[in-house]
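Novice: Heads up: the sequence lines are chains A and B, in that order.
7 is the number of the first residue of the first sequence in the numbering used here; add one for each residue after it.
5 is the number of the first residue of the second sequence in the numbering used here; add one for each residue after it.
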Amino acid sequence: MSEPVVATDMRKLAATQLFALIGFTVREARNKWTLLALFTLTTLFLFALATLVSIDVVEGSIASARLFGTIPLEIGNTTIPVSDAVTVIQVAIVSLLTTFGLVLALFVTGNIVPLTLQTGWVDLLASQPLGRTVLIIGRALGAVAVVAVTFAYLFGGSWSVLTWKTGFGNAGFLVAGMIILFTFLCCYSGMVLVGVLTRNSPISIIAGVGTWFMGLILYPLHTYAEWTTAFDPGWKRSLASGIAETLYWVLPKSLELTENATRATKGDALAWTPFLASMPFAIVCIALACWWFSRQDY
Amino acid sequence: MNVIETRDLAKTFGGALGSKVEALRGVDLQVGAGEAFGLLGPNGAGKTTLVKILLGLVGASDGDATLLGHRAGTPISRLEVGYMPERRHYPGFLTAGQVLDLFGKLLGMDATLRRQRIDLVLEEVEMSSWRNQKVGGFSKGMQQRLALAQALLPDPRVLFLDEPTEGIDPLGRVSIRGILRRNLEQGKTLFVNSHMLGEVELLCDRVAILVKGKIRREGPLSSLRAPNPEYRLTIAGSDEDAARAALAAAGQEAESVPAPPGLTVWRLEVGDRSELNNVLDATRSAGLEIEEVQRVRASLEEVFVQTINEADDDKAGAGGPGGVQTSAKGATEVSVATREVDNV
């Protein structure tokens, strides 16, 4: 027999496999119209940002603004610092992305794990000299890479255009992009776990979006305890409060992470508790997904 | 050296409402390097489960299994293994070349090696011109060839083939068989999992018959097919009584079978060749003329059906998913082969 043609260093092989799976996931995403639509929309948005509004900056303030280069936009006698104007635009972008952008990202990546576990495909992948943990982590990282590239295009593009047009570069806006990516990662990890458990794309998407949405509604319940007065004092109130508090601490803090993204854009100090309190959810979900996946028969 | 070894291998699947189904029940198996081994069994016998345990797709409930000297199921045991599953699905947006490139990367091949191996395996399965075609548009036969190319990509020492020619037209079968024979000549070990007896008969030199999760018979194909030599003796003349008396004198309680006019034909069960010659001597001594002597070999189909029937009679073997399903599919496959007759 000839010398083996395959790798024999298992650690090096695992790293190669991880990159191969990430690359495959990106290629797979490229074939989806949703991602193509997202890229097209982003490109149109960046083009509009670069061409529609012409801004004249005089001594750090906006002197005049024109639409399509000719139609004057009324500024009035108010002096608008460039930094404020840019920050307002960036906060608007961040607000859009922490809602629609995140949900869209979860929709686009929702079927990646269930597709991996499709009968006939999982047999081929799992029969390679490939650890199942590497398989699931590679696919999950691939999904994160797809969203990261999309966000990088949107955030990097918007930041570049605004900096080019106004001369004001707000690094906080880029940090906001990373915070939104972190929020996605936390919600996506829940989606990975449910994907491995159910092998069902719609249920996975519901789980991911649900995780994000729960974070939005649990924060007010955690902050304003008055809502419990809707229940009779006693065990019912304790139970309701206990459930809300448990869910609040277990699930990712999507609303507080959103607030952090806005703070970062405005240049305000960040609150670190939402990051630290959301991370365990992501770690536990991925660990459980790997554990469950490695025990399953295919 | 054995490349595949199982000891008392068992698998029980948990069913709905706590029910349990035994797919494998204490399977002991050894396959040596360079062998063409066929695992036969009716649908649901546990063949695919056994292969999946060896490849780590299914966990064993009990017993041990090793593949190329490593514990079966570990990534390192699959380094030099090719697998062509019965059910497979390739993402339709990938081309044949891209599918193989992905699997080359998963095998840790560098770009140069990947290119070389992909060229080689595509040529081997006669698919070079399909390299840049999307898999989504492939026919079943093309997908089968691609699966074979993918299984051959690592230049494996062991090749697992689960129903390799299922659903393929006769020309395609011949072609796939040719590819497998070439690999066998290169020293690779073939493990063919099938209920298509004719295919296994043409390719394998050793078989095991798995019924209800247990190996009921195992050995070289030749020994399984002819456990007791049987001959067919054609005697000239129509005097059946004289012929019967002559055979009885030689200690044979021969059974008469339908014969053309002017001949009598008898089924003889003899222990060996010398016993056969004694019968022939006795026949000629009685003044009878011998028209023809034929050796009748039991076909693999007969051995297979007999094994299944024995398993059915085995009360202890009742139940489980590995239970013999005399399904329409199985029955059709079984009825294809014919009894083979060799002239002596």
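Don't be surprised by glycine CBs; every beta carbon is placed ideally from N, CA and C.
1) Enumerated in chain order, which unbroken segments of the beta strand (DSSP E) with a length of 3 residues or greater are wholly contained in the stretch 236-261 of chain B?
2) I need the DSSP call for T169/B, collapsed to helix, strand or coil.
3) To test your reading of the DSSP string, which unbroken beta strand (DSSP E) runs of 3 or more residues are found completely within the stretch 36-114 of chain B?
4) Any contact of the stretch 30-37 of chain B with the stretch 8-18 of chain B, i.e. 3+ C-beta pairs under 8 Å?
5) Looking at chain A, which residues of the stretch 60-72 of chain B have a Cβ within less than 8 Å of any of its Cβ atoms?
6) Answer yes or no: do L54/B and V196/B have a C-beta to C-beta separation smaller than 8 Å?
7) Would you kindly work out how many angstroms separate the C-alpha atoms of A91/A and K171/A, rounded to a whole number?
8) Does the beta carbon of N117/A sit closer than 8 Å to a beta carbon anywhere in chain B?
9) When you compare the CB positions of S300/A and T139/A, do they come within less than 8 Å of one another, or not?
10) Within 10 Å of its beta-carbon, does E262/A have 16 or more other beta-carbons around it, so buried, or fewer, so exposed?
11) How many Å lie between P89/B and V153/A at the Cα?
12) D90/A by DSSP, collapsed to three states: which one?
13) W270/B by DSSP, collapsed to three states: which one?
14) For L103/A, which residues in the same chain have their Cβ closer than 6 Å to its Cβ, ignoring the five residues on either side in sequence?
15) Rounded to whole angstroms, what is the Cα-Cα separation between G248/A and A293/A?
16) Considering Cα atoms alone, identify which of G178/A, A43/A, I142/A, V119/A is closest to V97/A.
17) Considering Cα atoms alone, identify which of R185/B, P262/B, L156/B is closest to V239/B.
18) What are the residues in the stretch 106-123 of chain B lying within 8 Å of chain A by C-beta distance?
19) Determine the burial state of L292/B: buried for a count of at least 16 other Cβ atoms within 10 Å of its Cβ, exposed for fewer.
20) Taking P120/A as part of the alpha helix (DSSP H), name the residues at either end of that continuous run.
21) Checking 8 Å against the spacing of the C-beta atoms, do K144/B and G101/B come in under that value?
22) Secondary structure at F51/A, three-state DSSP: helix, strand or coil?
23) Using the rule of at least 16 other Cβ atoms within 10 Å of the residue's Cβ for burial, across every protein chain shown, is G240/A buried or exposed?
24) Assign E293/B to one of three DSSP states: helix, strand, or coil.
25) Check K359/B in the structure and name its three-state DSSP category.
26) Assign G324/B to buried or exposed, taking buried as 16 or more other Cβ atoms, counted over all protein chains shown, within 10 Å of its Cβ.
27) Among the residues of its own chain, which have a CB less than 7 Å from the CB of K15/B, if the five just before and after it don't count?
28) The alpha helix (DSSP H) spanning F157/A covers which residue range?
29) Using the C-alpha atoms, what's the distance from G175/A back to Q147/B?
30) Determine, using beta-carbon pairs with one atom in the stretch 270-282 of chain B and one in the stretch 211-231 of chain B, whether at least three such pairs fall under 8 Å.
31) Please tell me whether L83/B has its Cβ less than 8 Å away from any Cβ of chain A.
32) Provide the residue span of the beta strand (DSSP E) that contains G18/B, from first to last.
33) Could you check if I289/A is buried or exposed, using at least 16 other CB atoms within 10 Å of its CB as the buried criterion?
34) Rounding to the nearest angstrom, what Cα-Cα distance links G321/B and G19/B in this structure?
35) Under the rule that 16 or more other beta-carbon atoms within 10 Å means buried, what is Y230/A, buried or exposed?
36) When you compare the CB of M7/A with every CB in chain B, is at least one pair closer than 8 Å?
Specialist: Looking at the coordinates:
1) 259-261
2) It is coil, neither helix nor strand.
3) Within the stretch 36-114 of chain B, the beta strand (DSSP E) runs of at least 3 residues that lie entirely inside it are, in chain order, 40-44, 66-71, 85-88.
4) yes
5) G60, L61, V62, G63
6) no
7) Straight-line Cα distance between these residues: approximately 12 Å.
8) no
9) yes
10) buried
11) 33 Å
12) Here D90/A sits in helix by DSSP.
13) strand
14) Counting only Cβ-Cβ distances below 6 Å, and skipping sequence neighbours, we find I186.
15) 26 Å
16) G178/A
17) Looking at the sequence shown, residue 239/B is not Val but Ile. It is P262/B.
18) L106, F107, K109, L110, L111, G112, M113, L117, R121
19) buried
20) 118-122
21) no
22) Note: F51/A maps to helix in three-state DSSP.
23) By the 16-neighbour rule on beta-carbons within 10 angstroms, G240/A is exposed.
24) Coil at E293/B, not helix or strand.
25) Outside the shown range of chain B, which is 5 to 348, sits residue 359/B, and nothing can be said about it.
26) A caution first: G324/B carries a pLDDT of 41, below 50, which makes its placement in the model unreliable, though a value can still be read off. Counting Cβ neighbours within 10 Å, G324/B comes out buried, since at least 16 surround it.
27) Cβ neighbours of K15/B beyond the five flanking positions: A27, L28, T53, I57, V62, A64, S65.
28) 138-172
29) 53 Å
30) no
31) yes
32) 6-18
33) exposed
34) Per-residue confidence for G321/B stands at a pLDDT of 44, beneath the threshold of 50, marking its modelled position as unreliable; no derived number is given.
35) exposed
36) Caution applies to M7/A, whose pLDDT of 48 falls short of 50 and renders its modelled position unreliable; the value that the coordinates give is listed next. It does; some Cβ of chain B falls within 8 Å.
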